[in-house]
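Residue 222 in the numbering used here sits at position 222 of the sequence shown, with consecutive numbering throughout.
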Amino acid sequence: MSEQNQQEIDLHELKRVRLEKLQELRDMGIDPFGSRFERDTNCQTIIDDFAALEGQKVTVAGRIMSKRRHGKAGFSNLQDLSGNIQLYFKKDDLGEERYELFKKLDIGDILGIKGYVFRTQKGEITVHVEDMTYLSKSLNPLPEKWHGLRDVEMRYRQRYVDLIVNPDAREVFIKRSRIVKEMRNYLDARGFLEVETPMMQPIAGGAAARPFITHHNTLDMNLYLRIAPELYLKRLIVGGLEKVYEINRSFRNEGIDTRHNPEFTMLEIYQAYADYQVMMELTENMVAEVLQQVNGSMQVEFEGVTLDFTPPWNRITMLDAIKEYAGVDFTVISGDDQARTAAARLGLKVDHRSTRGEIINEVFEEYVEEKLIQPTFVYGHPVEISPLAKRNAQNPEFTDRFEVFVMQREIANAFSELNDPIDQKNRFLKQVEKRAGGDAEAHMMDEDYINALEYGMPPAGGLGIGIDRLVMLMTDSSSIRDVILFPTLRARE
Numbered sequence: 001m002s003e004q005n006q007q008e009i010d011l012h013e014l015k016r017v018r019l020e021k022l023q024e025l026r027d028m029g030i031d032p033f034g035s036r037f038e039r040d041t042n043c044q045t046i047i048d049d050f051a052a053l054e055g056q057k058v059t060v061a062g063r064i065m066s067k068r069r070h071g072k073a074g075f076s077n078l079q080d081l082s083g084n085i086q087l088y089f090k091k092d093d094l095g096e097e098r099y100e101l102f103k104k105l106d107i108g109d110i111l112g113i114k115g116y117v118f119r120t121q122k123g124e125i126t127v128h129v130e131d132m133t134y135l136s137k138s139l140n141p142l143p144e145k146w147h148g149l150r151d152v153e154m155r156y157r158q159r160y161v162d163l164i165v166n167p168d169a170r171e172v173f174i175k176r177s178r179i180v181k182e183m184r185n186y187l188d189a190r191g192f193l194e195v196e197t198p199m200m201q202p203i204a205g206g207a208a209a210r211p212f213i214t215h216h217n218t219l220d221m222n223l224y225l226r227i228a229p230e231l232y233l234k235r236l237i238v239g240g241l242e243k244v245y246e247i248n249r250s251f252r253n254e255g256i257d258t259r260h261n262p263e264f265t266m267l268e269i270y271q272a273y274a275d276y277q278v279m280m281e282l283t284e285n286m287v288a289e290v291l292q293q294v295n296g297s298m299q300v301e302f303e304g305v306t307l308d309f310t311p312p313w314n315r316i317t318m319l320d321a322i323k324e325y326a327g328v329d330f331t332v333i334s335g336d337d338q339a340r341t342a343a344a345r346l347g348l349k350v351d352h353r354s355t356r357g358e359i360i361n362e363v364f365e366e367y368v369e370e371k372l373i374q375p376t377f378v379y380g381h382p383v384e385i386s387p388l389a390k391r392n393a394q395n396p397e398f399t400d401r402f403e404v405f406v407m408q409r410e411i412a413n414a415f416s417e418l419n420d421p422i423d424q425k426n427r428f429l430k431q432v433e434k435r436a437g438g439d440a441e442a443h444m445m446d447e448d449y450i451n452a453l454e455y456g457m458p459p460a461g462g463l464g465i466g467i468d469r470l471v472m473l474m475t476d477s478s479s480i481r482d483v484i485l486f487p488t489l490r491a492r493e
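1. What residue range is occupied by the uninterrupted beta strand (DSSP E) comprising LYS243?
2. If GLU153 sits next to GLU196, beta carbons under 8 Å apart, how far is it from one beta carbon to the other, in whole angstroms?
3. List, from N- to C-terminal side, the beta strand (DSSP E) runs of 3 residues or more that fit wholly inside the region 357–381.
4. Taking all protein chains shown into account, decide if ASP162 is buried (16 or more other Cβ within 10 angstroms of its Cβ) or exposed.
5. Is it buried or exposed, MET221, if we count other Cβ atoms within 10 angstroms and call 16 or more buried?
6. Locate the alpha helix (DSSP H) running through ASN426, then write down its first and last residues.
7. Comparing alpha-carbon positions, which option in TYR276, PRO202, SER334 and GLN292 lies nearest GLU447?
8. Any contact of the region 271–283 with the region 406–420, i.e. 3+ C-beta pairs under 8 Å?
9. Only counting the same chain, and skipping five residues up and downstream in sequence, which positions put a Cβ closer than 8 Å to that of ARG184?
10. Taking the C-alpha atoms as reference points, what is the distance between GLY71 and ALA61?
11. Do the region 124–134 and the region 45–55 make contact, defined as three or more Cβ pairs closer than 8 Å?
12. Below 6 Å CB to CB, which residues in the same chain sit around GLU369 once its five sequence neighbours on both sides are set aside?
13. Nearest CA to the CA of LEU94: which residue from PHE118, ASN84, ARG178 and ILE113?
14. Using the beta-carbon count (16 or more within 10 Å), is GLY438 buried or exposed?
15. Looking only at DSSP bridge pairs, what is SER76 linked to?
16. What residue range does the beta strand (DSSP E) around GLY112 cover?
17. Within a Cβ cutoff of 6 Å, which residues of the same chain sit near LEU307, ignoring the five residues on either side of it in sequence?
18. What's the gap between the Cα of ASN392 and the Cα of VAL383?
19. Give the range of the alpha helix (DSSP H) segment to which TYR270 is assigned.
20. Please give the ranges of any alpha helix (DSSP H) in the region 384–426, keeping only runs that are unbroken, at least 4 residues long and fully inside the region.
21. How far does the alpha helix (DSSP H) with PHE302 in it reach, from first residue to last?
22. Mind pulling the beta strand (DSSP E) runs of 3 or more residues that sit fully within the region 197–243?
23. How many whole angstroms separate the CB atoms of ARG340 and SER354, which I take to be in contact at a CB cut-off of 8 Å?
24. How big is the Cα-Cα spacing for LEU135 and LEU78?
25. DSSP beta-bridge partners for LYS57?
26. Quick one: grab the DSSP three-state call for THR41.
27. Considering only C-alpha positions, which residue in the set GLY123, MET65 and TYR99 is nearest to THR133?
28. Counting only the same chain and skipping the five closest in sequence on each side, list residues whose C-beta sits under 8 Å from that of ILE286.
29. Answer with buried or exposed for MET494, where buried requires no fewer than 16 other C-beta atoms within 10 angstroms of its C-beta.
30. At which residues does the beta strand (DSSP E) containing THR133 begin and terminate?
31. Mind checking whether ILE107 and LEU81 have CB atoms under 7 Å apart?
32. Just to confirm the assignment, what range does the beta strand (DSSP E) spanning ASN314 have?
33. Name the residue from ILE269, THR310 and GLU303 whose alpha carbon lies nearest to the alpha carbon of SER297.
34. Report buried or exposed for PHE402, applying the criterion of at least 16 other Cβ atoms within 10 angstroms of its Cβ.
35. How big is the Cα-Cα spacing for ALA343 and GLU362?
36. Starting from LEU463, follow the beta strand (DSSP E) in both directions and report where the run begins and ends.
Encoded structure:
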């Protein structure tokens, strides 16, 4: 018999025993799935405030995580969100009936406890139980070992169990919530307005990505789950809302790996009368402030590397970065043919239709990104790969755009927004040509967005930050699945 089959038999037997205990509780007139229970403190507060609480009565509730008996007495460990506390059960104090309940306890059961606080002879802060209330009987046994590689996918599929038995997982998601909260605090304090834009859109726009498609029966029309909220947020800038942001769920029908999940969270910010340099300062100052508030430092450890987010961050143009790390100077390479030749010398295979700007980006992705460890602004992107960004006044082949790279990954993208409707329409038309040529990630034509620009959009700076990737860095999490509560997974066979 295989190990897996034996484990399934063992689990089945354990569940059978628990179901029998469930019936025994009901036979005793006890509801195994109780109702409202009022607590007056939590586990960690008892430990922190022991000097004041010693000898005092407390009421706590949580999950039983261990159990051991010693004749007419026993100990358990109670866990709530704040932490853990030891419980002491004594038959002479509880009485026969209540002590029988303790004997029937299983690890995982949820109880309400009333008792008084004391310290054992071994020095452990403990609650001496005087009364207990069943709040939920656990029918499935908790896993004894949850950190092994065999269980890593199970952690994602059954996140509820992961959160029970893995304190580190709980801390990651508590910290994630604090990170998002501090981002809101930072922006709200500076006059930004939080808004909501459609998640189902008639045209997928605002990024280069393959969308998910759904159908609205009543309207008999296809809709797309948004790949980005950008074009709607900029419509609000046209409408006179000068500083807006959205913490949004976006969806991209792409591959899944340690840095990508089809459903993810972004922060997008737009500010009228600003540009990409204003967005640079906002980015580094906000991230540094959030880190300081959440971690107490602007430095973090990630995969054994100390990352320093103290402003100002490194700044380098895309062309200078390519020259430094790939040894190719695109300032002296003109035209698409010369660019393709330069790519071939590097051993990079590019499409025969690729333009100079597209090749510059491919060389950057292949030879530069892996070299960028500390927080770095890379700016000056080719116009071909930046269809929504304003052209650089000195060199119109490039745009006033930047990306932030940390530990070989992009965590933010921003630019001076293109507010020329004629230029924007021409760029959309080129994107439409690319779609017709088979590029499923190219932008669609959005006539309504062009119409909005024709009413006049003030100069503006826009910024998008990948919250999942930022949380990965701030929590030393190697996979995006570690920072998304319920990541997308392949269906079980």
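Where a beta carbon is used, it is the ideal one built from N, C-alpha and C, also for glycine.
Taking the structure as given:
1. Residue numbering aside, residue 243 sits at position 243 when the sequence shown is read from its first letter. Run containing LYS243: 243–251, per the beta strand (DSSP E) assignment.
2. Residue mapping note: residue 153 aligns to position 153 of the sequence shown, counting from 1. Residue mapping note: residue 196 aligns to position 196 of the sequence shown, counting from 1. So it is not a contact: roughly 34 Å between Cβ atoms.
3. 376–379
4. As a first step, residue 162 is located in the sequence shown; it is residue number 162 there, counting from the start. Label assigned to ASP162: buried.
5. Residue mapping note: residue 221 aligns to position 221 of the sequence shown, counting from 1. MET221 sits exposed, since fewer than 16 C-beta atoms from the chains shown fall within 10 Å of its C-beta.
6. Taking the sequence shown and counting its residues from 1, one reaches residue 426 at position 426. Residues 421–436.
7. Here the question's residue 447 lines up with position 447 in the sequence shown. For the residues TYR276, PRO202, SER334 and GLN292, the minimum Cα distance to GLU447 belongs to PRO202.
8. yes
9. Position 184 of the sequence shown holds residue 184. The answer, listed in chain order, is GLU194 and ILE247.
10. For this step, residue 71 is matched to residue 71 along the sequence shown. For this step, residue 61 is matched to residue 61 along the sequence shown. About 25 Å.
11. yes
12. Reading the sequence shown from its first residue, position 369 is the one you call residue 369. Closer than 6 Å at the Cβ level, and outside the excluded window around GLU369, lie GLN408.
13. To locate residue 94, count along the sequence shown from 1; it is residue 94. Per the Cα distances, ILE113.
14. For the purposes of this step, residue 438 is identified with residue 438 of the sequence shown, where counting begins at 1. With fewer than 16 Cβ atoms within 10 Å of its Cβ, GLY438 is classed as exposed.
15. Here residue 76 refers to the residue found at position 76 when the sequence shown is read from its first residue. Partner residues in the beta bridge of SER76, as assigned by DSSP, are LYS67 and LEU87.
16. In the sequence shown, counting from the first residue as 1, residue 112 sits at position 112. That run of the beta strand (DSSP E) goes 110–119.
17. The residue given as residue 307 occupies position 307 in the sequence shown. Excluding positions up to five away in sequence, the list reads VAL300.
18. In the sequence shown, residue 392 corresponds to position 392, counting from 1. In the sequence shown, residue 383 corresponds to position 383, counting from 1. Each residue's alpha carbon lies about 9 Å from the other.
19. Counting from one through the sequence shown, the residue named residue 270 turns up at place 270. Element bounds for TYR270: not the alpha helix (DSSP H) but the beta strand (DSSP E), 263–272.
20. none
21. In the sequence shown, the residue the question calls residue 302 occupies position 302. PHE302 -> not in any alpha helix (DSSP H); beta strand (DSSP E) instead, spanning 299–302.
22. 213–216 and 221–225
23. On the sequence shown, residue 340 is found 340 positions in, with the first residue counted as 1. On the sequence shown, residue 354 is found 354 positions in, with the first residue counted as 1. Between ARG340 and SER354, the beta carbon gap of about 7 Å places them in contact (Cβ cut-off 8 Å).
24. What you label residue 135 is simply residue 135 of the sequence shown in a count that begins at 1. What you label residue 78 is simply residue 78 of the sequence shown in a count that begins at 1. Distance between the alpha carbons of LEU135 and LEU78 is about 13 Å.
25. The count along the sequence shown starts at 1 and reaches residue 57 at position 57. DSSP, once it has assigned bridges, lists TYR116 as partnering LYS57.
26. For the purposes of this step, residue 41 is identified with residue 41 of the sequence shown, where counting begins at 1. Three-state DSSP puts THR41 in coil, outside helix and strand.
27. Against the sequence shown, residue 133 aligns to sequence position 133. Ranking GLY123, MET65 and TYR99 by Cα distance to THR133 puts TYR99 first.
28. Along the sequence shown, one-based indexing puts residue 286 at 286. In the sequence under discussion, the amino acid at residue 286 is Met, which differs from the Ile named in the question. Closer than 8 Å at Cβ, skipping near neighbours: MET183, TYR186 and LEU187.
29. As displayed, the chain neither begins before 1 nor continues past 493, which places residue 494 out of reach and without an answer.
30. Here the question's residue 133 lines up with position 133 in the sequence shown. It spans 125–136 - the beta strand (DSSP E) in which THR133 sits, taken as one unbroken run.
31. Locating residue 107 in the sequence shown gives position 107, counting from the first residue. Locating residue 81 in the sequence shown gives position 81, counting from the first residue. Taking 7 Å as the Cβ cut-off, ILE107 and LEU81 do not qualify as a contacting pair.
32. Position 314 of the sequence shown holds residue 314. 314–317 is the span of the beta strand (DSSP E), which, as asked, contains ASN314.
33. On the sequence shown, residue 297 is found 297 positions in, with the first residue counted as 1. If we check each option's Cα against that of SER297, THR310 comes out closest.
34. Taking the sequence shown and counting its residues from 1, the one referred to as residue 402 is at position 402. Its Cβ being crowded by 16 or more others within 10 Å, PHE402 is buried.
35. The residue given as residue 343 occupies position 343 in the sequence shown. The residue given as residue 362 occupies position 362 in the sequence shown. Approximately 9 Å, taken between the alpha carbons.
36. By 1-based counting over the sequence shown, the position of residue 463 is 463. Looking at the DSSP string, the run of the beta strand (DSSP E) that includes LEU463 is 460–466.
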